[in-house]
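Participant: Residue numbers (this note's numbering): 1 to 540.
From the three backbone atoms N, C-alpha and C, an ideal C-beta is built for every residue, glycine too.
Sharing a structure with you now.
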Amino acid sequence: MDSITTLIIKHRHCFNKEKSYTMKKITQITYALSPALLVALTAQAKESKEQKGKNTNKPNVILIYADDLGYGDLECYGAKNIQTPNVNKLAKNGIRFTNAHATASTSTPSRYSLLTGEYAWRRKDTDVAPGNAGMIIRPEQFTMADMFKSAGYTTCAIGKWHLGLGDKTGQQDWNAPLPSALGDIGFDYHYIMAATADRVPCVFIENGKVANYDENAPIEVNYYRNFEGEPTGKDNPELLYNQKSSHGHDMSIVNGIGRIGYMKGGGNALWKDENIADSITTHAIKFISENREKPFFMYFATNDVHVPRFPHERFRGKNKMGVRGDAIAQFDWSVGEIVKALEKYHLLDNTLIVISSDNGPVVDDGYQDRAEELLNGHSPAGPFRGNKYSSFEGGTAVPVIVSWKNKVAKNQESDVLLSQVDWLASFAHLVGARLPKGSAFDSENHLSNLLGEKTNAREWVLEQSNTRVLSVRTQKWKYIEPSDGPKMIQWGPKIETGNNAQPQLFDMQASNFEEKNVAKDHPQVVYDMQNILRRERSKK
Numbered sequence: 001m002d003s004i005t006t007l008i009i010k011h012r013h014c015f016n017k018e019k020s021y022t023m024k025k026i027t028q029i030t031y032a033l034s035p036a037l038l039v040a041l042t043a044q045a046k047e048s049k050e051q052k053g054k055n056t057n058k059p060n061v062i063l064i065y066a067d068d069l070g071y072g073d074l075e076c077y078g079a080k081n082i083q084t085p086n087v088n089k090l091a092k093n094g095i096r097f098t099n100a101h102a103t104a105s106t107s108t109p110s111r112y113s114l115l116t117g118e119y120a121w122r123r124k125d126t127d128v129a130p131g132n133a134g135m136i137i138r139p140e141q142f143t144m145a146d147m148f149k150s151a152g153y154t155t156c157a158i159g160k161w162h163l164g165l166g167d168k169t170g171q172q173d174w175n176a177p178l179p180s181a182l183g184d185i186g187f188d189y190h191y192i193m194a195a196t197a198d199r200v201p202c203v204f205i206e207n208g209k210v211a212n213y214d215e216n217a218p219i220e221v222n223y224y225r226n227f228e229g230e231p232t233g234k235d236n237p238e239l240l241y242n243q244k245s246s247h248g249h250d251m252s253i254v255n256g257i258g259r260i261g262y263m264k265g266g267g268n269a270l271w272k273d274e275n276i277a278d279s280i281t282t283h284a285i286k287f288i289s290e291n292r293e294k295p296f297f298m299y300f301a302t303n304d305v306h307v308p309r310f311p312h313e314r315f316r317g318k319n320k321m322g323v324r325g326d327a328i329a330q331f332d333w334s335v336g337e338i339v340k341a342l343e344k345y346h347l348l349d350n351t352l353i354v355i356s357s358d359n360g361p362v363v364d365d366g367y368q369d370r371a372e373e374l375l376n377g378h379s380p381a382g383p384f385r386g387n388k389y390s391s392f393e394g395g396t397a398v399p400v401i402v403s404w405k406n407k408v409a410k411n412q413e414s415d416v417l418l419s420q421v422d423w424l425a426s427f428a429h430l431v432g433a434r435l436p437k438g439s440a441f442d443s444e445n446h447l448s449n450l451l452g453e454k455t456n457a458r459e460w461v462l463e464q465s466n467t468r469v470l471s472v473r474t475q476k477w478k479y480i481e482p483s484d485g486p487k488m489i490q491w492g493p494k495i496e497t498g499n500n501a502q503p504q505l506f507d508m509q510a511s512n513f514e515e516k517n518v519a520k521d522h523p524q525v526v527y528d529m530q531n532i533l534r535r536e537r538s539k540k
């Protein structure tokens with residue numbers, strides 16, 4: 001028992017024993033104790049704050065999921081013309097993975113697999129979703145958020161969603177609470193974009209309702225026909241004062257930018273593209289502050305690098321690659337702000353941070369932002385062939401950085417084979433959660449790999465192109481199944497699809513660029529790869 005506590009008890013005992021104490025005497029005792037009490041209470045408050053900062057013995061988990069950020073787009077991965085100091089710092093204090101993969105070369109299927117632990121190609125409705133898609137992850141499915149909740153975590157999703165809202169496609173009433181949203185699949189809080197920044201509706205959804213809803217501007221959305229009297233990028237290009245379209249993206253105009261789909265209304269609820277990063281980062285920091293005394297899981301999904309690229313003015317014009325480079329710098333800023341919040345609330349020591357991307361990069365994806373012309377020697381996909389949409393490695397090879405202060409050794413580089421489909425089961429092992437039978441169907445526990453140990457590594461990972469062509473990747477080989485599709489993307493971006501009527505096999509240890517098809521030289525390897533796909537497709 002400390003001296004202050006002893007003194008308080010002693011005087012309390014005297015007061016009870018001698019009822020004749022006068023109010024004056026009591027006041028004298030109180031004033032005598034006050035300095036000591038203040039010192040003790042201050043120390044106790046500081047200790048309590050530090051203990052609360054430690055949260056619990058369960059680590060917080062923050063998954064920072066970039067959009068269209070390529071393997072070669074970060075400075076710590078050898079990017080030219082780009083500075084990403086905040087991401088670099090996390091990589092220096094943790095692990096930088098060089099053989100990690102999204103499950104698909106486009107957004108919706110990658111996000112579906114990440115959050116459910118199931119390959120998206122197992123379902124027909126998991127391709128790139130329109131902005132008015134119904135919920136693709138159904139409430140009866142067990143998700144990463146459900147898993148964390150079952151382990152006592154508070155959960156949130158902030159930023160880009162692109163996995164549908166409401167029960168049925170095209171039947172949402174955006175002017176009322178949605179009957180089904182992220183609260184039905186395990187997220188306690190969400191502040192999200194329904195799809196992507198280039199798709200309507202261009203409003204944030206907060207806990208199932210349009211944020212800052214404007215009753216004077218009811219929202220209507222349609223992906224088939226325009227609303228009478230509403231301008232479009234195709235018919236009114238003079239109104240595209242922030243970004244002009246290069247291909248597509250010429251339907252409704254919001255904030256001087258053409259979009260995919262038609263939208264009417266929104267008023268004060270409409271976002272300004274230049275404020276998106278600030279908005280989602282502010283909400284992320286608020287969530288950290290409000291939940292710092294209990295374990296939490298945050299899915300923080302940024303939009304910056306995805307088109308339309310229109311970062312805040314404090315980033316614009318700072319990078320020689322133009323707005324795409326500026327957008328990467330803005331992403332790095334968001335990462336830094338989240339880390340600052342963790343430091344402020346004494347949570348960094350007890351927080352596992354994972355940074356990655358949903359698919360490979362794309363340069364010209366529908367806007368005249370000169371991203372292709374201004375590369376200046378920069379290779380968004382790093383050493384890999386192909387980009388977003390492609391079967392080649394550039395479509396699914398993504399940066400992955402894992403940082404956990406004092407838990408993960410610093411300044412590591414790992415070439416262990418990783419797939420994002422395994423992160424659900426891996427995180428479940430981390431927090432001691434039990435997965436229901438039949439859930440996370442394709443997810444395997446490879447937590448030891450994520451934390452820097454090479455034990456229990458995957459022998460192969462599966463990859464999916466935008467046309468559902470599947471590939472198998474091992475440490476040495478890359479196999480792409482035959483496809484009769486076109487060699488190049490047909491609607492605009494200059495990207496090789498990877499399609500070929502013949503089986504393709506590449507020795508990835510000889511060249512990352514998938515230059516020489518050696519399928520005829522290694523028929524047994526081709527046979528083994530085909531059997532992997534056959535067995536996986538036959539699973540139910």
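Which one or two residues does DSSP pair with Arg-473 in a beta bridge?
Facilitator: Val-461 and Lys-478
Participant: Does the distance from the C-beta atom of Leu-115 to that of Thr-143 stay below 8 Å?
Facilitator: yes
Participant: Between which two residues does the alpha helix (DSSP H) holding Asp-326 run?
Facilitator: 323-344
Participant: Quick one: what does DSSP say Ala-157 is sitting in, helix, strand or coil?
Facilitator: strand
Participant: Throw me the rounded Cβ distance for the Ala-277 and Tyr-213 pair, which I believe falls under 8 Å.
Facilitator: About 22 Å; that fails the 8 Å criterion.
Participant: At the level of alpha carbons, what is the spacing between Asn-411 and Ser-356?
Facilitator: 17 Å
Participant: Please name the residue, chosen from Pro-201, Ser-279, Gly-452 and Ala-176, that lies closest to Ala-91 on a Cα-to-Cα basis.
Facilitator: Looking at the Cα atoms, Gly-452 is the closest of the given residues.
Participant: Does Gly-382 pass the burial test, meaning 16 or more other C-beta atoms within 10 Å, or should it be called exposed?
Facilitator: buried
Participant: Just to confirm before moving on: does the CB-CB distance between Gly-256 and Pro-201 stay below 8 Å?
Facilitator: No, Cβ-Cβ distance for Gly-256 and Pro-201 is not below 8 Å.
Participant: Count Cβ pairs between the segment 431-440 and the segment 448-462 that sit closer than 8 Å; are there 3 or more?
Facilitator: no
Participant: Expressed to the nearest angstrom, what Euclidean distance is found between the alpha-carbon atoms of Thr-196 and Asn-512?
Facilitator: 30 Å
Participant: Within the segment 485-517, note down every full beta strand (DSSP E) run reaching 3 residues or more, in order along the chain.
Facilitator: 504-507
Participant: Can you tell which of Glu-536, Pro-399, Asp-415 and Gln-524 has its C-alpha closest to the C-alpha of Asp-73?
Facilitator: Pro-399
Participant: Which residues does DSSP pair with Tyr-191 in a beta bridge?
Facilitator: Ile-158 and Glu-206
Participant: Give the DSSP-derived three-state secondary structure of Thr-282 in the structure shown.
Facilitator: When secondary structure is reduced to three states using DSSP, Thr-282 falls in the helix class.
Participant: Compare the C-alpha of Thr-98 against each of Gly-377, Asn-466 and Gln-475 and name the closest.
Facilitator: Gln-475
Participant: Spatial neighbours of Asp-442 within its chain, please: C-beta separation below 7 Å, excluding the five flanking residues on both sides.
Facilitator: Gly-117, Glu-118, Tyr-119 and Val-421
Participant: So, at 8 Å on beta carbons, what are the nonlocal neighbours of Phe-204 in its own chain, with the 5 sequence-adjacent residues on each side left out?
Facilitator: Closer than 8 Å at the Cβ level, and outside the excluded window around Phe-204, lie Tyr-191, Ile-192, Met-193, Val-210, Ala-211, Asn-212, Ala-269, Trp-271 and Ser-279.
Participant: If you run the structure through DSSP and keep just helix, strand and coil, what is His-429?
Facilitator: Three-state DSSP puts His-429 in a helix.
Participant: Within 10 angstroms of the Cβ of Gly-394, are there 16 or more other Cβ atoms? Answer buried if so, exposed if not.
Facilitator: Its Cβ being crowded by 16 or more others within 10 Å, Gly-394 is buried.
Participant: Give the C-beta separation of Ser-419 and Thr-103 to the nearest angstrom, bearing in mind that I take them to be a contact with Cβ-Cβ under 8 Å.
Facilitator: 6 Å
Participant: Flag this pair as yes or no: are the beta carbons of Ala-274 and His-306 separated by less than 8 Å?
Facilitator: According to the sequence shown, residue 274 is Glu rather than Ala. Taking 8 Å as the Cβ cut-off, Glu-274 and His-306 do not qualify as a contacting pair.
Participant: Roughly how many angstroms separate the alpha carbons of Asp-484 and Thr-497, rounded to a whole number?
Facilitator: Straight-line Cα distance between these residues: approximately 11 Å.
Participant: Tell me Ala-66's beta-bridge partners as DSSP assigns them.
Facilitator: Ser-357
Participant: Would you mind reading off the limits of the alpha helix (DSSP H) that contains Gln-412?
Facilitator: Looking at the DSSP string, Gln-412 is not in any alpha helix (DSSP H); the run it does join, the beta strand (DSSP E), is 412-414.
Participant: For Asn-175 and Asn-207, I'd like the C-alpha separation in whole angstroms.
Facilitator: 14 Å
Participant: Here's the rule I'm using: 16 or more other beta-carbon atoms within 10 Å means buried, otherwise exposed. How should Arg-225 be labelled?
Facilitator: When all chains shown are included, Arg-225 counts as exposed.
Participant: Looking at the unbroken alpha helix (DSSP H) that takes in Phe-148, where does it start and where does it end?
Facilitator: 144-150
Participant: When the Cα atoms are used, what is the spatial distance from Ile-285 to Lys-405?
Facilitator: If you take the alpha carbons of Ile-285 and Lys-405, they lie about 19 Å apart.
Participant: Going by C-alpha to C-alpha distance, which of Leu-447, Asn-466, Ile-158 and Val-323 sits closest to Ser-334?
Facilitator: Ile-158
Participant: Could you tell me the alpha carbon to alpha carbon distance between Gly-492 and Val-254, rounded to whole angstroms?
Facilitator: In this model, Gly-492 and Val-254 are separated by some 22 Å (Cα to Cα).
Participant: Cutting at 7 Å between CB atoms, please list the residues of its own chain near Lys-487, excluding the five before and the five after it.
Facilitator: Scanning its chain for C-beta atoms nearer than 7 Å, with the 5 sequence neighbours on each side dropped, one finds around Lys-487 the residues Glu-496, Thr-497 and Asn-499, in chain order.
Participant: Given Leu-533, which residues of its chain have a CB within under 7 Å of its CB, disregarding the five upstream and five downstream residues?
Facilitator: Leu-470, Val-472 and Glu-481
Participant: Ala-186 and Asp-146: beta carbons closer than 8 Å?
Facilitator: Inspection of the sequence shows that residue 186 is occupied by Gly rather than by Ala. Closer than 8 Å, so yes.
Participant: Apply the 10 Å Cβ neighbour rule to Asn-60 and answer buried if 16 or more other Cβ atoms are within range, or exposed otherwise.
Facilitator: buried
Participant: Do you know how far the Cα of Arg-111 is from the Cα of Leu-163?
Facilitator: 8 Å
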